[in-house]
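Enquirer:
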Amino acid sequence: MGRKGSVFRNTSIAVALLALLMAGAAVAGRAGEGYSVIYFDDAGNEVGGATANCGGQYVSWGQRTAHYTRNTWICD
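Per our numbering, the very first residue in the sequence shown carries number 3; after that it's consecutive.
1) What does the alpha-carbon distance come out to for the pair S62 and A16?
2) For a test of the three-state rule: what should DSSP assign to R11, helix, strand or coil?
3) Per DSSP, which one or two residues make a beta bridge with N73?
4) Are three or more beta carbon pairs between the segment 8–15 and the segment 31–47 nearer than 8 Å?
5) Whose C-beta lies closer than 7 Å to the C-beta of F42 among residues of the same chain, with five residues either side of it excluded?
Here's what the structure looks like:
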């Protein structure tokens, strides 16, 4: 594999890492904030979820999808 292949591989890795960071940003909450996320399939059925409470506990279940609702609240 020559220089072109190496550049392509490095670019592919960078794009994959950026996609992971963006996916994590959809789930991660800000400091001092609790949240819950519900994930849905294409038909609108609930298929997963996640919650991070103000005490720092994180719980998740099911599948993550591109279709979700996110609720946040401020921690006292």
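All C-beta atoms, glycine included, are put in the ideal place defined by N, C-alpha and C.
Expert: In short, the structure shows the following:
1) 27 Å
2) Note: R11 maps to helix in three-state DSSP.
3) S38
4) no
5) Result list for F42: E48, V49, T67, H69 and Y70, in chain order.
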